[in-house]
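Everything below concerns the one structure shown next.
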Amino acid sequence: MKKIDRDIYEYGEVERDAARSAQFVSHGGLLYRLFKWIERQCREEREELIKERDASRTALNEEVRK
Numbered sequence: 148m149k150k151i152d153r154d155i156y157e158y159g160e161v162e163r164d165a166a167r168s169a170q171f172v173s174h175g176g177l178l179y180r181l182f183k184w185i186e187r188q189c190r191e192e193r194e195e196l197i198k199e200r201d202a203s204r205t206a207l208n209e210e211v212r213k
């Protein structure tokens, strides 16, 4: 597994763990907001990594076709 794929996977794991943890604390509390913030940050970072990975794959495929 490449490093970028491993990073995407790990961000996804942390995002899911934060979402699950947020379910078990009082809504609106500090921990709830913290878990939701972590979830959001991981999702954004994971989406950026996916875009980077897809762009590099597209560029590589274009080079191979030439």
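The numbering of the sequence shown is this note's numbering, which starts it at 148 and goes up by one.
For glycine and all other residues, C-beta sits at the position ideal for the given N, C-alpha and C.
Buried or exposed by the 16-neighbour rule on C-beta atoms within 10 Å, applied to Ile155: Start at 1 with the first residue of the sequence shown, and residue 155 comes out as number 8. Result: buried.
At what residues does the alpha helix (DSSP H) containing Val211 begin and finish? By one-based count along the sequence shown, residue 211 stands at place 64. 177-212 is the extent of the alpha helix (DSSP H) around Val211.
Looking at C-beta atoms only, is the number of pairs between the stretch 200-211 and the stretch 175-191 that lie closer than 8 angstroms three or more? The stretch 200-211 is not in contact with the stretch 175-191.
Nearest residue (CA-CA) to Ile151, options Val211, Ala206, Glu192, Asn208: The sequence position of residue 151 within the sequence shown is 4, counting from 1. Nearest Cα to Ile151 within the set Val211, Ala206, Glu192, Asn208: Glu192.
Pop quiz: Glu162 and Cys189 are said to be a contact at Cβ under 8 angstroms. What is the actual Cβ separation, rounded to whole angstroms? The sequence position of residue 162 within the sequence shown is 15, counting from 1. The sequence position of residue 189 within the sequence shown is 42, counting from 1. Their Cβ separation, rounded to whole angstroms, is 4 angstroms, which keeps Glu162 and Cys189 in contact under 8 angstroms.
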